[in-house]
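To start, the structure under review is shown below, and the notes come after it.
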Amino acid sequence: MKKIFRSNFFKLSLFSLLFVALLTFKAYGSVDSAGTLSDLQTKISSAMHSRLTTYSISYSGTTSTLSSDISNAINSIYNGDDYLHYTSKGYSYSYTVSGGVATINFTFNYWNTAAQDSYVSTKVNGVLSQIITSGMNDFEKEKAIHDWIEKNVAYDTTLVKHSDYDAVVSPYTTVCQGYALLSYKMLNQAGIQTKIVEGTAGGQAHAWNLVYLDGAWYHFDTTWDDPLPDVAGRVTYDYYNLTDAQIKLNHSWVKTYPAASTDFATTLNSKLLSDSSNSSVYQGLIDALNLNLLTPEYTVNNATELNAKIQEAIKNNQTKITVRYMSGSTVATDIATAIKGISNITSYSYSKVDYNRSSITGDVRLDLSFTYFTPVSVSSVSLSSTDLTLAAGASSTLTATVLPSNASNKTIIWSTSNSSVATVAGGVVKAIGGGTAVITAKTSDGSYTATCNINVIQGVSSITLASASPYVRVGGDDITLAATVNPAGANDKSLTWTSSNPTVATVDSTGKVHAVAYGSAVISATSVQDPTKVGKFTITVPVPVTGVTVTSSSTIVKMGSTLTLGTTIAPSTATIKTVTWSSSNEAIAKVSSTGVVTPVATGTVTITAKTIDGGFTATKDLTVIYGVTSITLDKTSAYVRLGESDLTLVSTVNPSNATDKSLTWTSSNQSIATVDSNGAVHAVAYGTATITATSVQDPTKVAKCTIIVPVPVTGVTVTSSSNVVKMGSTLTLGTTMAPITATIKTVTWSSSNEAIAKVSATGVVTPVATGTVTITAKTIDGGFTATKDLTVIYGVTSITLDKTSAYVRLGESDLTLVSTVNPSNATDKSLTWTSSNQSIATVDSNGTVHAVAYGTATITATSVQDPTKVAKCTIIVPVPVTGVTVTSSSNVVKMGSTLTLGTTMAPITATIKTVTWSSSNEAIAKVSATGVVTPVAPGTVTITAKTIDGGFTSTKDLTVIYGVTSITLDKTSAYVRLGESDLTLVSTVNPSNATDKSLTWTSSNQSIATVDSNGTVHAVAYGTATITATSVQDPTKVAKCTIIVPVPVTGVTVTSSSNVVKMGSTLTLGTTMAPITATIKTVTWSSSNEAIAKVSATGVVTPVAPGTVTITAKTIDGGFTSTKDLTVIYGVTSITLDKTTASLKLSGTDITLIATVNPTNATDKSLTWISSNVNVISVDSSGKIHAVGLGTATVTVTSVQDPTKFARCTVTVTN
């Protein structure tokens, strides 16, 4: 456990920032004085060193920045004296300024009094005189001080003692602040420069020291070198003279301190050479600080090396080792592994701590202690096999037997002579590649060895063929194909070569291919070892080229485009039709490898195609020009009138440097308009024609203009839907042209007075002010005009009435409705009034409504100016109320619920049926405006309903109670046995203050179980019945319990599908109950040996280790038991063969299939071998196959233990 640093430690630094506020003035002693900041700081420092708790001083210097000046002065004092700083708890001050002079009053708080400081100094001098002797250097002094503190001071687990005084008086306990202060005091007193560091360690606030030794700074933490629990006399050096990097593994700080960058181990090793007279001092420090752990001799990387270290210690009669273990995260499991291989160790214990002196993360200092008896030495070792044949990829386990059997250290070191053939780990041999290797088992004790010869058979996995060219020519040189057999370690790389078509190409036994005739043939290289592995290469014997011709769609290439040339090869059956292309002048045109010509400049050029086969050539002469890319006209449409001037269209041919800009001009309808060669258009008749300008050079480039020869306008008339325009709306005018066939029907619009109305370009009139105005339409064609006189008014936009519905009673006063016509400045506000049913109510021209008979009528006010603007009021002539009765579903209201009351009106035809509700006592119950009664407290209350019409009243007396909200039973199901004690169910009625808690008890089947008025249940016969408790007050509230009168169990038998359980699988056991009608069929399961197999609550058996085990089932009812004896084995999970296909030559050598049974530790690995056709092949019990006759047969190898596990190999016998 690391020690923590109290947050109180920071009170000092926080004090200087937080408590600069004015304090309540108290009496201070005589007032000192200062005239400068320097003088002020000196006198404050003197007061603090004298441990004054109150201090006053008169300051005549600048006061405008006095607060910050005081804080800076005290911070400077603290920075100059770590001991004063960290023995101070904090300070506060106040000041007043009068006549430019400030009177400052300080309050100081300390961890030590002046007397306690004096005692510490005396104590430190006394201790140093005992532990520091004449002639000691600083290295010795530092260690002596460190060791005295560790042996004489303990950590204060109450976290209340913070000073060095606490450390030197009984009971000699303090926290890290006290450790650091005492270290500071003793080291400085001994002449060793030191500082106090504040920061965090292990996530907690913490203090420690920096010491200056031999020209370098080091971190020095006496607190963390004195870990909890405190052990008398113990001294550790884990945090003794560390660098910044070393201590930062678990310490951190924010303030700036001198850098500690010199490794202490380096310093000590250097001092051994430079100060040999004190070499014993430095060597003693190296030993005490365990710096030897940095050397390879004391560094351990894994369990194997740790095992060797322990063995060495036992040989040297040691019971403890200290090493630097490089994998601290796995040290526990690695120790267990190392110890497991040493049989004479009887017990061990260990401790570990982060090793701070290395730059590696994760290493620890390991202290390992152990007890052991005198070891029995190894005399020999042997292996379970001395020769093994494996297929590549397969594995097999070698078992090493060490003698004598009671040898103390049976650790085996495994090695292989050739890891590319076979590897070994823990005795498991894995075949890697074809060849032979020797596996060696060497004892850790005595270095005895045993070997096993490994023969790995590696088959061919693939064959690849390659050649510089796929062509072989008739009469030309032969080519030799290069074959690569994979993997490189295959045992047999021999091949057989064949051609798919020897009439085209033949191949010899070395892969040399010879051309026979034109065509293609596939050359195959087949593995002799595994004929299913074949490499193939397609060889072509080409028909030779005899000539070539260039083909082209044009002899011209336009700048900015391309032209693709083609070729015709002779003969057409030639095989290699590839050509290369070239240009006679790439400054004129370039040609790509695919015959695409790209022009560069205008001119002529010759393009040449040359055949790859035979070097035949052909050429194409081309001319490069600037082609026309587009044509534009100055107009895309135009009017040309009969009898008026012709129109000449202006054309632009692009680009400006086009080689040929000449155009042809045509008209789509010369009976309407003609065009000459200059683009001059002449009108012939009314209608439309399209004029087209076409490039002579490139007829696909055209430009068009639509020419309209218009029918002229002879007159115009304005059309309108109204002569009136309302302010706030618009009116759209139209026109009618003469003749109706006129082409150009566009007009312009104008207003005679835009102060009255404006008109848009589309004839939309927008009123501006009331008045009259003339709107004029003028034709674009001919300038003909027509007018429309309009009147602008303020129209009615809406009508409202002061009521939308009202009652008017028979025989009472009439009702006059008040209308409002909007807007207020409407030109005509006159209205007409009508009634929808004058037999019910009439209305006069002033809006006065008169009741005629009971019923409803709608009164409507309509604008005379705009009949679409209306307002309506529903008039009700009501049937009067003559009485009222309150209705209710209950006389009782339960607390926590509500009751809704209703009313019945007299007569039932009464119109106004609204009532108001009131409660006689709202402390008992309240009633809402809709008659919903909400109880407040138990009691009686009268609820009154009063009619709006007539003020008639009716009442309802109600009682408020605490109702039953629910009932619960202590059981929801239970067993009650025949002939045994009855069961009394305990009921709880909720709420606890329910007014009536009485219950009735019933049984759903009294022939099974009965229940009395107290809830006592009695069993009558086997079966099930439901017992129900029902509230007398509220029969909807019930609670139920299912009572089972069980048929008793008289015995049990365990059932199982097997007596064997395979490791890695499970077996589910079942039970059969006697009698089969027994009710409670639940059992508990247990295993006689959970180290062999465990059994779940549902009877699922999970094997743990091979062996025999008894599984017991015990009935819940009656405690009857039954057992099942099971055997746990390692079952066969699969069988693999080193080949799935194989070939044999009749009368050739037999082959042996290698079977691998998985897992390697299967209990029974025995196999049976059979042939599907003994007339083709036979197979013996070891998997050796012998060819009997030509054909194909399948060899099947089957597990004796589990016949469902098998493997097969298809074998072909050929000549």
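Read left to right, the sequence shown gives residues -29 to -1, 1 to 1186 (mature numbering (1 follows the signal peptide of the UniProt record, and there is no 0)). Each residue gets a CB set at the ideal place from its N, CA and C atoms; glycine is no exception.
- Around N892, the same chain offers V912 as residues with beta carbons nearer than 6 Å, after the five sequence neighbours per side are excluded.
- Pairing A85 with L37 gives a Cβ-Cβ distance that is not under 8 Å.
- Within the stretch 433 to 496, the complete beta strand (DSSP E) runs of at least 3 residues fall at 433 to 437, 453 to 457, 466 to 470, 476 to 478 and 483 to 486.
- Following the DSSP letters along the chain, one finds A161 in no alpha helix (DSSP H), marked with neither H nor E.
- Only buried fits I540, as 16 or more other CB atoms lie within 10 angstroms of its CB.
- Ranking I547, L359 and N1132 by CA distance to the CA of V443 puts I547 first.
- Among the bridge pairs identified by DSSP, R295 is matched with T270 and R336.
- Collapsing the DSSP output to three states places E783 in coil.
- By the Cβ test, the stretch 576 to 587 is in contact with the stretch 556 to 565, since at least three Cβ pairs between them sit closer than 8 Å.
- Collapsing the DSSP output to three states places N640 in coil.
- In this structure, L534 is the residue among L534, E615 and G598 with its C-alpha nearest to the C-alpha of D592.
- In the structure shown, Y211 adopts extended strand secondary structure according to DSSP, grouped into three states.
- Under the three-state reduction of DSSP output, H20 falls in the helix class.
- Of the residues assessed, P229 falls on the exposed side of the cut-off, its CB having fewer than 16 other CB atoms within 10 angstroms.
- DSSP places L359 in the strand class (E or B) of the three-state scheme.
- For L618, the secondary structure class from DSSP, reduced to helix, strand or coil, is strand.
- Between the stretch 994 to 1002 and the stretch 1069 to 1085 there are fewer than three inter-stretch CB-CB distances shorter than 8 Å, so the stretches are not counted as touching.
- Three or more Cβ pairs closer than 8 Å define a contact, and the stretch 409 to 419 falls short of that threshold against the stretch 429 to 444.
- Proximity to G705 across M107, A713 and V730 peaks at V730, based on C-alpha coordinates.
- Looking at the backbone, the Cα of F344 and that of S379 are separated by about 9 Å.
- Distance between S16 and S29, taken at the CA atoms: about 15 Å.
- A distance below 6 Å between beta-carbons, with the five flanking residues on each side excluded, links G921 to the following residues of its chain, in chain order: V852.
- Counting only residues of its own chain and dropping the five nearest sequence neighbours on each side, Q836 has a CB closer than 6 Å to the CB of V767 and D799.
- Apart from sequence neighbours up to five positions away, the residues of its chain that approach L265 with a beta-carbon distance below 8 Å are A236, R295, R328 and S329, ordered along the chain.
- Rounded to whole angstroms, the separation of the alpha carbons of G1119 and N1146 is 16 Å.
- Secondary structure of K413 (DSSP, three-state): strand.
- By the criterion of a C-beta distance shorter than 7 Å, S974 is surrounded in its chain by A980, T981, V982, A996 and I998, once the five residues flanking it on both sides are discounted.
- The residue among V373, N377, T342 and N426 with its C-alpha nearest the C-alpha of S367 is N426.
- Apart from the 5 residues on each side of it in sequence, N1186 sits with its Cβ closer than 8 Å to the Cβ of K1116, L1117 and L1161 in its chain, given in chain order.
- DSSP places D815 in no beta strand (DSSP E); its state is neither H nor E.
- In this structure, DSSP gives Q836 a state outside helix and strand, which the three-state scheme calls coil.
- With contact defined as three or more Cβ pairs closer than 8 Å, the stretch 686 to 705 and the stretch 628 to 637 are not in contact.
- Y993 and L949 have their alpha carbons spaced roughly 8 Å apart.
- Under the DSSP assignment, N240 falls in the alpha helix (DSSP H) whose first and last residues are F235 to S245.
- Contact between the stretch 852 to 872 and the stretch 921 to 937 is present: 3 or more CB-CB pairs across the two stretches fall below 8 Å.
- Bounds of the beta strand (DSSP E) holding G1041 are G1041 to A1045.
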